[in-house]
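Notes to accompany the following structure.
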Amino acid sequence: MRQFGSQFHGSDSIQTSVANEEIIPNKVNIYKFSVSNSTDCTVSINGSNPIFLKGGMGFSTEQNDAMISSFKFLEDGIEYFWVGGS
């Protein structure tokens with residue numbers, strides 16, 4: 004099996020969103036990504052139009068999906084945590 008990355012990134016605790024704040028570290032492309040959100044929210048992924056996530060649903064990608072270079076919650080006050088590999 005081919006190795007895609009060599010580093011892991013993520014939250015060190017439950018975080019609380021600030022609207023339109025980038026959660027992916029600067030200049031990092033995440034090849035495998037998972038985020039868990041506590042309540043209903045909308046997000047922007049790689050500059051996308053708003054995408055609705057049901058509370059507790061979360062979102063994840065695998066190594067064969069598009070890399071994630073940007074992930075933003077579009078509302079304040081959403082509790083979340085994330086993890087990814089680069």
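In this note's numbering, the protein residues as written are 4 to 89.
Note that the Cβ used here is the ideal one computed from N, Cα and C, for glycine as well.
This structure is a prediction, so every number in the text was calculated from the model and none was measured.
**OP:** Please state whether DSSP places Gln18 in a helix, a strand or coil.
**Re:** strand
Original post:
Three or more beta-carbon pairs under 8 angstroms between the segment 54–64 and the segment 8–18, yes or no?
Top reply: no
Subject >> Nearest to Phe91 (by Cα), restricted to the options His12, Asp79 and Ile81 >> reply: Here the chain has residues from 4 to 89 only, and residue 91 is not among them.
Original post:
Among Ser16, Gly61 and Glu25, which one has its Cα closest to the Cα of Asn49?
Top reply: Each of Ser16, Gly61 and Glu25 was checked against the Cα of Asn49, and the nearest Cα belongs to Glu25.
Original post:
Which residues in the same chain have their Cβ closer than 7 angstroms to the Cβ of Val21, if we skip the five residues on either side of it in sequence?
Top reply: Asp79
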